[in-house]
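Numbering (this note's numbering), first residue to last: 259 to 558. Even glycine gets a Cβ: it sits at the ideal position worked out from N, Cα and C.
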Amino acid sequence: MPRKDILDSIQKYVQPFRIMKGQGFRLKNYDPGDTCGLKLEKGEASELLQQGTEWLAQEQDMLYAQDRWSLLLVFQAMDAAGKDSTIKHVMSGVNPQGCQVFSFKQPSQEDLSHDFLWRYYKCLPERGRIGIFNRSYYEEVLVVRVHEEILKRQKMPEPLVSRRIWDERLADIDHFEEYLTRQGVIILKFFLQVSREEQKKRFMKRLDTPEKNWKFSASDVHERKFWDDYMHAYEEAIRATASKNAPWFVVPADNKWFTRLVVADAIVEAVEQLDLAYPKVDAEKKKEMATMRAALAREP
Ligand code: ATP
Ligand code: MG
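Set out below in structure tokens:
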């Protein structure tokens with residue numbers, strides 16, 4: 259298929275889920291079961307996914323060679339939405355040398371002794387690299403917002419903790435992302451939106467399948483009680499931080515194959531817009547190369 263046609267089809271699966279302006283955003287307008295009419299059985303989906311991952315691998319090679327832009331991919335989701343497997347599939351063709359994944363869990367004592375962005379800042383991708391945040395600084399306005407006792411552990415000076423703290427943190431994140439964008443970091447943020455029912459099914463499967471037992475955690479089930487609080491926190495976060503430079507993608511996550519397709523296509527589309535090319539060799543370098551070539555050819 260010609261590149262132009264592939265790009266058109268990519269657009270089709272990215273555009274409906276991209277949020278570049280927070281105003282008026284409502285999570286309930288997005289369906290976790292959406293597949294844009296695609297059906298897995300028809301084979302079209304797996305072909306599209308393969309095209310996306312192959313294209314991404316090519317673009318990453320140029321990103322690395324150019325050594326100017328970097329890409330920060332933020333993944334957020336409720337448990338069992340498929341963050342890990344999406345990352346694994348989408349990045350499957352990519353050269354591991356140009357890519358780093360960081361999974362953020364409970365903060366350490368050292369993390370808690372610093373400002374909230376500190377531990378994430380240290381993990382930002384170098385120029386030419388793709389950095390993947392499996393959970394991110396957004397946890398600071400999600401899990402910490404839902405369970406305010408976590409905030410108490412953050413050693414904040416008391417006068418600075420007011421009811422405005424979440425809006426303040428969201429504004430700080432927004433500015434932080436704007437700063438990074440101005441430095442050449444392309445930021446894409448994915449919220450893999452799984453439905454509560456599908457999450458239940460996946461937890462059940464973890465309980466019923468011996469090979470999946472290790473993934474089961476009682477606290478994940480406990481966390482379901484706070485579902486609405488989480489959705490509220492996600493909605494507020496997306497509203498406050500969706501922008502043209504750092505868009506959110508609310509990716510339907512009830513069908514894993516569709517999640518992968520949308521994520522891969524969103525990354526391809528963003529990188530494609532950079533118009534990457536391999537660095538050009540100047541005249542002097544060309545001369546040097548010609549000399550070297552001649553020398554190599556002369557070798558016995
Ligand atoms: P998986 O369950 O697929 O292995 P995960 O990302 O859910 O991946 P877990 O070890 O299960 O990893 O959970 C990590 C936990 O750490 C999550 O419950 C998350 O909310 C929590 N967490 C992440 N960042 C913070 C933070 N800044 N403060 C407090 N808790 C956090
Ligand atoms: Mg977990």
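Within 8 Å, strictly: CB atoms of residue 391 and residue 362: yes
Contact the segment 354-373 vs the segment 464-478: 3+ CB pairs below 8 Å: no
Contact test: residue 394 Cβ vs the ligand MG heavy atom, cutoff 7 Å: no
Stretch pair the segment 374-382 + the segment 470-481: three plus CB contacts closer than 8 Å: no
Alpha carbon of residue 549 to alpha carbon of residue 540, nearest angstrom: 15 Å
heavy atom of the ligand SAM below 7 Å from residue 475 C-beta: Among the ligands present in this structure, namely the ligand ATP and the ligand MG, the ligand SAM is not found.
Anticipated Cβ contact below 8 Å, residue 336 with residue 452, distance rounded: 6 Å
The segment 281-291 contacting the segment 508-522, beta-carbon criterion three pairs below 8 Å: yes
Endpoints, the alpha helix (DSSP H) within which residue 515 is located: 514-530
Distance cut-off 7 Å: residue 487 Cβ against heavy atoms of the ligand ATP: no
Residues sharing a beta bridge with residue 358, DSSP: 389
Segment limits, beta strand (DSSP E) that includes residue 507: 506-510
Rounded separation between residue 551 and residue 316 - CA only: 27 Å
Near the ligand MG: residue 337 beta-carbon under 7 Å from a heavy atom: yes
Where the beta strand (DSSP E) through residue 443 begins and ends: 443-451
Residue 347 versus residue 516: straight-line alpha-carbon distance, rounded: 12 Å
Residue 361 Cβ short of 7 Å to the ligand ATP heavy atom set: yes
Start-to-end residues for the beta strand (DSSP E) that takes in residue 328: 328-335
7 Å CB neighbourhood of residue 312 in its chain, flanking five on each side removed: 351
Neighbourhood of residue 497 by C-beta distance below 8 Å, restricted to the same chain and skipping five residues each side: 280, 281, 283
Residues bridged to residue 277 (per DSSP): 506
Cβ pair residue 499, residue 408 closer than 8 Å: no
Contained alpha helix (DSSP H) runs [length at least 4] in the segment 367-414, N- to C-terminal order: 367-370, 376-379, 401-404, 406-410
Cβ-based burial, residue 418 [other Cβ within 10 Å; buried from 16]: exposed
Expected contact under 8 Å - CB spacing of residue 450 and residue 310 to nearest Å: Wrong, their Cβ atoms sit about 16 Å apart, outside the cutoff.
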